[in-house]
Each structure stands twice: as C-alpha cells, then as structure tokens.
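Undergrad:
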Amino acid sequence: MKTPLSHMLLVLLGAFIGSFGGVFLKSGAAQVREGLVYLFISRDPPFFNWRLATGVGFFLLSSYFFVLGIRPPGELSVLYPMVSLGYIFTLLWSRLFFKEPLTRVKFLGLFLIVAGVVFVGLGSK
Amino acid sequence: MSATVTESAQISGKPARRQPVGLVFCCTILGAAAQILMKTGANRMSGPGLLAMATNLPLMAGYCLYGLSTLLLVLALKDGELSLLYPVIALTYVWVTVLSFLIFHDSINPWKLAGIVLIVSGVAVLGKGGRR
Numbered sequence: 001m002k003t004p005l006s007h008m009l010l011v012l013l014g015a016f017i018g019s020f021g022g023v024f025l026k027s028g029a030a031q032v033r034e035g036l037v038y039l040f041i042s043r044d045p046p047f048f049n050w051r052l053a054t055g056v057g058f059f060l061l062s063s064y065f066f067v068l069g070i071r072p073p074g075e076l077s078v079l080y081p082m083v084s085l086g087y088i089f090t091l092l093w094s095r096l097f098f099k100e101p102l103t104r105v106k107f108l109g110l111f112l113i114v115a116g117v118v119f120v121g122l123g124s125k
Numbered sequence: 126m127s128a129t130v131t132e133s134a135q136i137s138g139k140p141a142r143r144q145p146v147g148l149v150f151c152c153t154i155l156g157a158a159a160q161i162l163m164k165t166g167a168n169r170m171s172g173p174g175l176l177a178m179a180t181n182l183p184l185m186a187g188y189c190l191y192g193l194s195t196l197l198l199v200l201a202l203k204d205g206e207l208s209l210l211y212p213v214i215a216l217t218y219v220w221v222t223v224l225s226f227l228i229f230h231d232s233i234n235p236w237k238l239a240g241i242v243l244i245v246s247g248v249a250v251l252g253k254g255g256r257r
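So the sequences go chain by chain: Y and D. Per our numbering, residue 1 is the first one in the first sequence, and the count goes up by one each step. Per our numbering, residue 126 is the first one in the second sequence, and the count goes up by one each step.
1) I want to see whether chain D comes within less than 7 Å of GLY57 (chain Y), judged by CB atoms only; does it?
2) Applying a beta-carbon distance threshold of less than 9 Å, which residues of chain D neighbour SER62 (chain Y)?
3) Work out the CA separation of TRP93 (chain Y) and GLY109 (chain Y) for me, nearest whole Å.
4) Does any CB atom of chain Y fall closer than 7 Å to the CB of MET126 (chain D)?
5) Taking 7 Å as the CB-CB cut-off, is THR90 (chain Y) touching chain D?
6) Quick one: give me the first and last residue of the alpha helix (DSSP H) that LYS26 (chain Y) is part of.
7) Are the C-beta of ASN234 (chain D) and some C-beta of chain Y separated by less than 7 Å?
8) Would a check of beta-carbon distances place ALA167 (chain D) closer than 7 Å to chain Y?
9) Measuring straight from C-alpha to C-alpha, what distance separates GLU206 (chain D) and ALA249 (chain D)?
10) Buried or exposed: ILE233 (chain D), going by 16 or more other Cβ atoms within 10 Å of its Cβ?
11) Pick from D:SER208, D:ILE214 and D:HIS230: whose alpha carbon is nearest that of LEU96 (chain Y)?
12) In three-state terms, what does DSSP make of PHE48 (chain Y)?
13) Measure the C-alpha to C-alpha separation of TRP236 (chain D) and VAL120 (chain Y) and round it to an integer number of angstroms.
14) Are any of the Cβ atoms in chain Y nearer than 7 Å to that of ALA239 (chain D)?
15) Would you mind reading off the limits of the alpha helix (DSSP H) that contains LYS203 (chain D)?
16) Going by DSSP, what residue range makes up the alpha helix (DSSP H) through MET170 (chain D)?
17) Within 7 Å of any Cβ in chain D, is that where the Cβ of LYS129 (chain Y) sits?
18) How close, in whole Å, do the beta carbons of GLY69 (chain Y) and LEU10 (chain Y) come, if the pair is a contact with beta carbons under 8 Å?
19) Return no unless some Cβ of chain D is closer than 7 Å to the Cβ of LEU96 (chain Y).
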C-alpha cells in the first residue's frame with residue numbers, strides 16, 4: 001500500500017469535519033426565506049444566518065484536508081471509502097441534533113452506499 | 126383571514142414535495158464536475174500553502190461549482206431529512222466514474238461497475254424510504 005497513513009488521517013479528518021457541515025447547513029436551511037437573495041439573511045435576529053455560514057466554513061475546511069489527502073502519493077482507491085465513513089457520522093448527528101428517526105430503510109440504504117463506495121475504490125487501483 | 130388560510134395550509138400540507146431527493150441529485154452532478162476540477166488542481170499543487178491553492182485555477186473553478194452544489198443542498202435540506210439526503214451525495218462517485226471514463230478514458234472494471242450498482246440501489250432505497 002503506497003498511501004501514507006498521514007494522508008488517510010487527513011481524509012478521515014476532512015470527512016469528520018464535513019459531517020458537521022451537513023448539520024449546520026440543515027439547521028441554517030430552516031431559517032432560509034423564500035428567494036435566493038435572502039440566503040444569508042435569517043428570519044429572526046440577528047438576521048445574519050450564521051448557521052449557514054458556519055456550515056459552508058466547515059465544508060471549506062473539510063475540502064482543504066481532503067485536497068491535502070488526495071495529493072500524490074495518496075490513492076483514491078484507499079481514500080474514497082474513508083470519505084463515505086463521514087455519512088455514518090451524519091446519521092448519528094441527525095438522530096442526536098434533529099431527532100430524525102433511524103429507520104431500517106436508512107441503515108439499508110447507507111450500507112449499500114458505503115459498500116458501493118468501497119467497491120468503486122477497489123476498482124480505482 | 127389570509128393568515129388563517131396560510132396556517133391551515135401549513136398544517137394540512139402533505140409532505141408531498143418530492144423535490145429534495147431530486148435537488149440532491151442535481152447537486153451531485155455539479156459536485157462530480159467540481160471533484161474532477163479539484164483533482165486536476167490537486168495534481169498540480171506543490172505545497173500545502175493557501176496561496177498555492179488560491180492561484181490554482183482548476184481548483185478555484187472546482188470550488189465555485191461546489192458552491193453552487195452546496196446551494197442546491199441547502200434548498201433540499203429545507204424540506205428533507207439530513208439523515209436521508211446526506212448519503213445520497215454518494216451519487217457523486219457514480220458521475221465521477223462515468224465522467225472519468227468519458228473524458229479521461231479511464232477503464233471501467235467489474236469492481237467499479239458493482240460499486241455503481243450498489244450506490245444507485247442504495248440511493249433508490251433511501252428515495253423510496255423518503256416517500257413514506
């Protein structure tokens with residue numbers, strides 16, 4: 001395996017940070033008014049949608065680590081499956097912060113997707 | 126009066142809007158294009174400096190497309206569940222594989238094909254589950 005451990009940890013860290021980006025985006029989305037002009041202006045004081053801004057910030061930070069991780073000699077075959085681990089964190093946060101039900105259907109769908117990403121990774125060697 | 130009408134419409138409003146999964150679907154197509162640009166840019170990067178990233182044209186174009194796809198994700202999350210929509214982003218891998226095949230003439234092998242089938246079926250399961 002040529003991919004250094006440091007590159008794997010960078011991508012894992014990026015996936016972990018990205019899962020929080022989803023959480024802030026979801027909570028910020030609830031405050032978005034109709035019309036894209038009002039994207040960063042929230043309904044209630046202090047009127048700036050800091051949740052949405054924080055979510056975007058988390059995504060930018062996450063992609064920074066991702067880019068560092070996939071630099072050569074990082075191999076996508078090893079690194080892609082690690083990104084999909086971020087989806088598992090998101091499922092946990094959805095339950096924890098938004099009380100979304102964790103149904104059997106969601107677990108099945110997530111399992112198929114993570115398995116699929118692992119296979120795409122295996123094929124990218 | 127009109128307030129009452131709006132209120133009752135909100136209460137009785139069925140979760141009939143099927144847009145969220147469709148929006149994330151569009152979001153993944155933009156995301157795939159962004160990833161291909163970002164990979165092109167990452168290959169050219171010499172160091173981890175922020176300046177090296179800011180002056181990297183393909184990388185920056187990738188970020189712009191990512192911004193657009195994030196916008197669609199926000200609109201989708203307004204009406205949909207996070208736990209349902211976030212994994213659908215994995216569709217990006219399907220488009221990246223197909224685009225790499227079309228643009229870079231990357232090989233498609235049985236592993237990738239199996240992966241694509243699994244991801245698509247996973248998204249289909251989530252899409253059906255979202256209907257309820």
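A virtual CB, placed ideally from N, CA and C, is assigned to each residue, including glycine. Treat the numbers as computed from the prediction; the structure is a model and nothing was measured.
TA: Walking through what the data contain:
1) As a working mapping, residue 57 (chain Y) is identified with position 57 in the first sequence. Taking Cβ atoms only, chain D never reaches closer than 7 Å to GLY57 (chain Y), which makes this a no.
2) Taking the first residue of the first sequence as 1, we reach residue 62 (chain Y) at position 62. Residues of chain D passing the Cβ test: none, with the nearest at roughly 11 Å.
3) Within the first sequence, numbered from 1, the residue matching residue 109 (chain Y) stands at position 109. Within the first sequence, numbered from 1, the residue matching residue 93 (chain Y) stands at position 93. About 17 Å.
4) On the second sequence, position 1 is the one that residue 126 (chain D) refers to. The predicted model places MET126 (chain D) with a pLDDT of 38, which falls under 50 and marks its position as unreliable, so this point remains unresolved.
5) For this step, residue 90 (chain Y) is matched to residue 90 along the first sequence. At least one chain D Cβ lies under 7 Å of THR90 (chain Y).
6) Here residue 26 (chain Y) corresponds to residue number 26 of the first sequence, with the count starting at 1. It spans 5 to 29 - the alpha helix (DSSP H) in which LYS26 (chain Y) sits, taken as one unbroken run.
7) Start at 1 with the first residue of the second sequence, and residue 234 (chain D) comes out as number 109. Closer than 7 Å: yes.
8) In the second sequence, the residue the question calls residue 167 (chain D) occupies position 42. Interface residue, yes.
9) Along the second sequence, read from residue 1 onward, the residue named residue 206 (chain D) stands at position 81. Along the second sequence, read from residue 1 onward, the residue named residue 249 (chain D) stands at position 124. Distance between the alpha carbons of GLU206 (chain D) and ALA249 (chain D) is about 15 Å.
10) Here the question's residue 233 (chain D) lines up with position 108 in the second sequence. The residue is exposed, with fewer than 16 neighbouring Cβ atoms inside 10 Å.
11) In the first sequence, residue 96 (chain Y) corresponds to position 96, counting from 1. Closest option to LEU96 (chain Y), Cα to Cα, is D:SER208.
12) Against the first sequence, residue 48 (chain Y) aligns to sequence position 48. Reduced to three states, the DSSP call for PHE48 (chain Y) is strand.
13) The residue labelled residue 236 (chain D) in the question sits at position 111 within the second sequence. The residue labelled residue 120 (chain Y) in the question sits at position 120 within the first sequence. Each residue's Cα considered, the two are about 6 Å apart.
14) Position 114 of the second sequence, counted from the first residue, corresponds to residue 239 (chain D). Yes - at least one Cβ of chain Y is within 7 Å of the one on ALA239 (chain D).
15) Stepping through the second sequence from its first residue, residue 203 (chain D) is reached at position 78. Counting along the chain, the alpha helix (DSSP H) containing LYS203 (chain D) begins and ends at 182 to 204.
16) Here residue 170 (chain D) corresponds to residue number 45 of the second sequence, with the count starting at 1. MET170 (chain D) -> no alpha helix (DSSP H), and no H or E assigned at all.
17) Nothing about residue 129 (chain Y) can be reported from this structure: the residues present for chain Y run from 1 to 125 only.
18) Looking up residue 69 (chain Y) in the first sequence gives position 69. Looking up residue 10 (chain Y) in the first sequence gives position 10. About 4 Å; that satisfies the 8 Å criterion.
19) Numbered from 1 along the first sequence, position 96 holds the residue referred to as residue 96 (chain Y). Chain D, which has no Cβ nearer than 7 Å to the Cβ of LEU96 (chain Y), makes this no.
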